[in-house]
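Each remark here refers to the structure printed beneath this line.
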Amino acid sequence: MSTPNGFPQHSEACVSQSTKGGAVQDLQAKKAGKAVKKEDGEKETLASKDSPSVGTSLNETIKLPPDELKANLKTKSLTPRPPRKPRLERAASLDEKSWRRWRRFKTSQESLTDPNETSSSNGSLQEASLSPPTRGRESPCHPCCQQNSLRSSPDTSEANAMGRSRGGTSDLGKRASEISSAFGGLLRGRAFTGGKPRLSQIMPARPLPPLEFNVASHTLRTANRIDSDCMDYRHYSQHKFGRVSSSLSDSRLHGSGMVYDNCSTDSMKSTFSLLTPIRSKDVRSRSYLEGSLLASGALLGAEELSRYFPDRNIGIFVATWNMQGQKELPLNLDDFLLPADPDYAQDMYVIGVQEGCPDRREWEIRLQETLGPHYVMLYSAAHGVLYLSVFIRRDLIWFCSEVEYATVTTRIVSQIKTKGALGICFTFFGTSFLFITSHFTSGDSKVNERKLDYSKTIQALTLPKNVPDTNPYRSSSNDVTTRFDEVFWFGDFNFRLNKDRETVDSILNQNPETDVSKLLAYDQLTSEMSRGCIFKGFQEADIHFRPSYKFDIGKDSYDTTSKQRTPSYTDRVVFRSRYKDDIHAVKYSSCPVIKTSDHRPVFALFRVKVRPGRDNIPLAAGQFDRELYLIGIKRRITRELQKRQEQKDQKSSSICSIS
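Counting in the UniProt record's numbering, the sequence shown tops out at residue 659, every number present.
So this is what it looks like as structure tokens:
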């Protein structure tokens with residue numbers, strides 16, 4: 001049975017205990033116990049609708065003044081109906097439904113955040129000060145307990161009395177909606193202020209996708225040459241720099257509900273970045289003017305070097321080309337600067353030119369256009385028609401010292417300086433480099449003159465000037481090449497083959513591919529180097545290409561003029577190092593595609609070992625030719641757009657044939 005306000009009879013018995021007797025209370029309690037036992041498997045909620053009843057029971061339960069009683073009887077003058085059976089379910093309000101959805105979402109996030117704090121459904125809300133309406137089985141309460149709870153809150157009992165007196169389905173529905181809304185708000189406020197009512201863990205319907213720990217893609221890491229084995233940068237950085245997972249996370253974010261898992265916290269840090277994490281104390285103590293080889297804050301120290309070059313080897317491209325003073329430049333330099341054989345571009349490009357084109361700036365723009373935005377021109381110098389340009393990866397310009405250069409003229413009689421040497425030096429991390437391009441005396445029989453050019457160059461080239469020597473104890477004042485760790489000397493040395501044209505042609509025709517060992521037996525430079533008369537301490541990689549001189553311009557045939565010059569290896573690249581096995585030659589070849597000169601460009605690829613340095617050297621501080629960079633990139637974009645437009649026009653064009 002139910003009372004007019006829709007509550008079960010055992011609740012009414014508790015309220016009306018003062019007016020009725022103990023016998024009525026016991027009888028109604030027994031009936032309520034039977035009803036609960038009968039509906040043991042169903043969900044127990046408040047009834048959403050009940051029929052109002054007026055009569056003696058209303059007067060017995062709550063004593064109202066006669067005026068209010070009459071008004072109530074007047075507004076509720078309906079035909080009495082038999083009381084309905086108590087319903088143990090009620091329809092959930094919209095607020096309760098929204099609260100349940102929010103609770104399930106909150107619980108799922110909590111289970112993802114703290115998997116160790118999961119608990120069973122029994123007693124899971126005991127930590128909360130208020131509990132939502134339960135949908136499971138409820139144990140019947142003793143009437144005395146309910147009576148005490150009602151007596152402890154007089155405001156509530158008074159509100160219930162007013163609700164009974166005014167009675168109405170709409171009032172009860174509004175009241176229940178207000179209570180559920182207030183209850184949901186209290187729970188939400190408690191959840192966001194730190195209290196976490198724990199519900200049973202909700203398992204996902206399907207397995208969650210695996211988390212990708214390595215955000216940096218394989219392509220990105222191989223393109224930027226993080227290391228040769230493409231090891232996981234995250235594990236490397238954690239092992240190397242000892243980064244704590246919560247170093248940059250705020251604990252207050254976890255308490256306010258803004259951060260729920262480790263993924264969102266990691267996204268706030270640069271764990272997956274290619275940049276090295278820098279601690280605040282290191283920034284405070286770092287000095288760029290003083291440092292040591294092993295200092296953690298040293299800009300040129302071991303830690304920084306290992307981050308960019310884990311194997312401490314850099315790739316260097318060295319090329320020489322006698323342009324014969326031609327104004328016309330090749331349309332494409334890709335085959336020259338970016339050969340297809342190596343998989344990766346090099347870290348440094350050094351190009352020396354003899355008898356360069358009249359417009360030196362145009363030549364440098366073409367180099368920048370070909371190398372693209374990943375490279376900048378660190379330095380460029382000229383001595384007459386000798387040009388020397390150094391390009392480096394833009395990420396590495398901060399580790400270079402100031403660049404210095406010097407020149408030597410070997411032919412004083414000539415007004416135009418066509419013969420001589422041009423040198424550029426700088427320090428990269430802790431390794432000093434010297435690059436020399438030369439043009440020696442020409443002539444088949446002038447071997448001694450060429451040796452004199454070499455001797456004059458090593459004595460008169462005054463380098464270094466301000467950059468300190470990395471190892472002064474192994475230096476000599478009479479030889480500039482002994483004052484640097486790594487030396488590369490390249491150019492048109494003009495050494496010829498001591499053989500007539502017919503013999504050389506027959507050898508070339510017999511071995512059209514790469515077997516040129518018979519030709520090298522007649523090479524002047526190889527013979528002089530083996531006797532130690534020139535390029536002392538220098539080495540040269542094995543030659544597997546055809547002679548680079550002298551060709552007919554625009555053709556693959558050697559000199560067909562009346563002079564019938566003998567093909568020779570005049571263009572060479574040699575190298576030396578203070579330390580054994582520091583320089584490893586990877587490739588040594590020529591570029592037969594470029595035919596604008598009677599010389600073919602010759603290039604070599606090297607792997608060079610680099611050592612950490614100290615911060616006591618004058619740094620270039622990121623200096624490069626910015627104007628050249630912008631012009632070259634603009635040219636590159638314009639060329640690409642023109643190529644696309646040509647391809648588009650070619651596809652849209654059609655050929656009509658008239659028969």
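Glycine included, every Cβ here is placed at the ideal spot set by N, Cα and C.
Identity of the residues DSSP links to residue i by a beta bridge
i: His383; result: Leu386
i: Gly420; result: Thr409, His439
i: Glu404; result: Cys425
i: Ala521; result: DSSP output for Ala521 lists no bridge partner at all.
i: Leu497; result: Asp523
i: Gly491; result: Ser438, Arg572
i: Phe317; result: Tyr349, Leu605
i: Ser476; result: Asp479
i: Val376; result: Ile392
i: Gln539; result: Phe575
i: Glu486; result: Phe433, Ser577
i: Gln354; result: Asn322
i: Leu619; result: Ser401
Sub-7 Å separation of residue i and residue j beta-carbons
i: residue 685; j: Phe435; result: Here the chain covers residues 1 to 659 and nothing more, so residue 685 does not appear.
i: Ile314; j: Val610; result: yes
i: Pro330; j: Ile631; result: no
i: Phe551; j: Asp492; result: no
i: Gly613; j: Leu396; result: no
i: Asp625; j: Met377; result: yes
i: Glu355; j: Asn322; result: yes
i: Val480; j: Leu463; result: yes
i: Val353; j: Val318; result: no
i: Arg501; j: Thr561; result: no
i: Phe399; j: Phe429; result: yes
i: Val385; j: Thr418; result: yes
i: Asn494; j: Ser442; result: yes
i: Thr410; j: Gly420; result: yes
i: Leu337; j: Thr370; result: yes
i: Leu628; j: Gln346; result: no
i: Ala298; j: Asp615; result: yes
i: Gln564; j: Val447; result: no
i: Lys499; j: Tyr522; result: yes
Other residues of its chain near residue i: CB distance less than 6 Å, five sequence neighbours each side excluded
i: Trp489; result: Ile436, Val574
i: Met529; result: Phe535
i: Val602; result: Thr320, Ser548, Asp571, Ser590
i: Glu646; result: none
i: Trp363; result: Cys357
i: Glu328; result: Thr596
i: Leu461; result: Ala406, Val408, Gly423, Val480
i: Leu444; result: It should be pointed out that residue 444 corresponds to Asp in this sequence rather than to Leu. Result list for Asp444: Arg496, in chain order.
i: Thr482; result: Ser475, Ser476
Residues near residue i in its chain [Cβ-Cβ closer than 8 Å; skip 5 each side]
i: residue 669; result: What the structure shows of the chain is the stretch from 1 to 659, and residue 669 is not part of that stretch, so it cannot be assessed.
i: Ile543; result: Val516, Leu520, Tyr569, Tyr588
i: Asp335; result: Cys591, Val593, Ile594
i: Gln459; result: Asn478, Asp479, Val480
Own chain, CB closer than 7 Å to residue i, minus 5 neighbours either side, in chain order
i: Ile583; result: Glu486, Phe575, Ser577, Phe606, Val608
i: Arg639; result: none
i: Thr526; result: Leu520
i: Arg450; result: Phe440, Thr441, Phe493, Asn494, Phe495
i: Gln539; result: Val574, Phe575, Arg576
i: Asp505; result: none
i: Gly622; result: Ile397, Trp398
i: Ala541; result: Ala585, Tyr588, Ala604
i: Ser280; result: none
i: Arg366; result: Leu329, Leu333
i: Pro204; result: none
i: Thr134; result: Residue confidence for Thr134 is low, a pLDDT of 43 falling below 50, so the modelled location carries little weight and cannot support an answer.
- Item | Segment contact, 8 Å Cβ cut-off, at least three pairs: the stretch 464-473 with the stretch 445-456 | Counting Cβ pairs under 8 Å, fewer than three are found: no touch.
- Item | Inter-stretch contact (C-beta, 8 Å, three-pair minimum) for the stretch 476-496 and the stretch 575-589 | With a cut-off of 8 Å, the stretch 575-589 and the stretch 476-496 count as touching, because enough Cβ pairs lie within range.
- Message: I'd like the ranges of any alpha helix (DSSP H) spanning at least 4 consecutive residues and lying wholly in the stretch 550-607.
- Response: Within the stretch 550-607, not a single complete alpha helix (DSSP H) segment reaches 4 residues in length.
- Three-pair Cβ contact test at 8 Å for the stretch 345-361 versus the stretch 633-648: Verdict: no, contact absent.
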